[in-house]
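Worksheet for the structure shown next.
In the numbering used here, the protein residues as written are 55 to 569.
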């Protein structure tokens with residue numbers, strides 16, 4: 055085939071790979087290297103045709119996707135920093151094929167250097183119909199494109215289309231960090247399946263401190279799941295308050311339970327939380343606004359990860375959002391005091407701030423020294439107010455670097471605290487302290503006896519969190535095995551299993567037939 059990445063394919067020219075025209079020697083060596091050969095003699099044994107000791111690139115931020123094809127096979131799709139999206143047979147682990155995005159071809163030669171280079175670092179998502187299966191993935195640090203493949207036949211993938219800043223409607227697109235989120239909406243009289251994506255990351259945010267304004271990534275896009283065309287977008291050009299890039303995934307909400315997405319939430323690099331109302335069949339009436347700002351007094355916090363959302367009815371219908379702040383690209387920084395939030399969205403007329411929330415950092419409700427009158431006052435403030443927050447002030451540099459999850463009245467956050475002195479350590483690879491927080495979603499109180507002191511009947515502030523490792527942890531993943539809920543947190547090459555609240559009976563409220 056004309057797109058086969060082999061030495062015999064003359065369409066793969068030296069210039070296509072970033073070499074001088076006619077430099078076939080460099081071209082051939084790189085192609086052999088990509089196929090796993092030690093063409094640059096890394097082990098210095100004089101044999102350049104043998105296989106390298108380790109061929110796969112690093113899987114850093116790409117979360118694998120497992121897709122079942124009836125009874126025939128299951129396939130694992132994952133992006134790697136060796137330049138490829140890989141497809142593996144789930145039963146055998148055998149690689150079925152790999153795809154190199156065309157935009158990455160000139161950068162493949164960077165794989166032979168000593169510095170880590172990023173390529174396919176985003177997570178894949180899929181849209182499946184009765185006749186077609188579309189896989190969509192971004193590049194994250196690897197670039198500013200989303201690529202779509204037809205994987206209806208898992209042994210014969212086809213390139214479909216890509217999204218880049220040069221495509222009509224995507225001029226704001228930055229590095230493609232935001233994992234596409236699938237959902238069904240109504241446009242006019244028709245239902246449509248779409249992907250929701252954030253505008254992406256602006257490398258301007260790599261600066262510390264950030265002194266200039268972002269110039270890209272300031273957008274939210276709704277795109278057709280089959281074609282990639284823009285269905286709707288909200289950008290800086292539409293609202294100049296959207297002046298910070300949005301690398302986060304987007305949280306979708308179906309507020310009325312009809313199976314259609316009518317609300318979106320996402321945070322930005324300025325520490326603001328955005329709300330978008332997209333339930334009207336007339337998309338010209340869709341709106342966006344800031345509902346909360348975590349930054350104040352010249353302090354700019356960042357929201358890299360999406361909120362988890364619950365639908366509440368205790369004092370009128372509203373949504374409650376759970377999220378944290380922390381700079382994922384400066385994990386060893388100590389300069390900011392980050393937060394964990396539980397925010398009530400009661401559709402405020404303007405952005406709320408921390409002064410509108412209850413500070414539950416000290417956990418006064420579980421402090422024996424707090425009087426009954428004080429506790430009653432705090433509980434009333436939490437009931438009638440706009441939410442709560444916890445300052446991460448016990449451990450300098452502690453930050454939330456994952457998305458929280460709410461399960462049966464308990465919200466789970468994970469945090470990371472860098473080791474002292476690591477800010478100037480050029481050899482830093484993530485050493486520090488990983489913690490998990492488990493708190494009551496309405497009050498921020500401790501839920502479990504995590505410090506193993508006393509009993510469940512006399513919990514204190516120290517019971518809210520537990521040290522679980524020494525590197526940056528993942529978020530908490532909750533799944534069901536044999537009808538039992540089980541939680542997992544990835545940390546340091548291992549897995550921590552957090553304690554979960556005892557659940558009542560679970561039953562489906564919605565489902566989708568997957569062909």
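A virtual CB, placed ideally from N, CA and C, is assigned to each residue, including glycine.
With fewer than 16 other Cβ atoms inside 10 Å of its own Cβ, residue 416 counts as exposed. With a contact defined as Cβ atoms closer than 8 Å, residue 157 and residue 142 miss out at about 23 Å.
It is roughly 47 Å from the alpha-carbon of residue 60 to the alpha-carbon of residue 355. In this structure, the beta-carbon distance from residue 405 to residue 344 falls below 8 Å. The beta-carbon distance between residue 420 and residue 515, rounded to whole angstroms, is 7 Å. This is short enough to meet the 8 Å contact definition. Taking the Cβ atoms as the reference, residue 532 lies roughly 5 Å from residue 541, within the contact range of under 8 Å. With contacts defined by Cβ atoms closer than 8 Å, residue 485 and residue 525 form a contacting pair. Between the beta-carbon of residue 171 and that of residue 135 there is about 7 Å, and that keeps the pair under the 8 Å contact cut. Proximity to residue 233 across 210, 176, 125 and 467 peaks at 176, based on C-alpha coordinates. Residue nearest to residue 109 within the set 319, 204, 451 and 91 is 91 (criterion: CA-CA distance). A straight line joining the alpha-carbon of residue 399 with that of residue 239 spans about 22 Å.
Nearest to residue 538 by C-alpha distance, out of 104, 556 and 185, is 556. Put simply, the backbone Cα of residue 285 is about 31 Å away from that of residue 57.
Distance from the CA atom of residue 209 to the CA atom of residue 216, rounded to whole angstroms, is 21 Å.
Just so you know, the alpha carbons of residue 365 and residue 408 end up roughly 22 Å apart. Taking the C-beta atoms as reference points, residue 357 is found nearer than 8 Å to residue 322. The C-alpha of residue 199 is placed about 10 Å away from the C-alpha of residue 174. Spanning the alpha carbons of residue 431 and residue 247 requires a straight line of approximately 47 Å.
Boundaries around residue 190 are those of the beta strand (DSSP E), 187-192, since no alpha helix (DSSP H) includes it. The beta carbons of residue 490 and residue 552 sit about 6 Å from each other, so the pair counts as a contact at 8 Å.
Assignment of beta strand (DSSP E) within the region 81-169, counting only whole runs of 3 or more residues, yields 119-123, 127-133, 139-143 and 149-153 in chain order.
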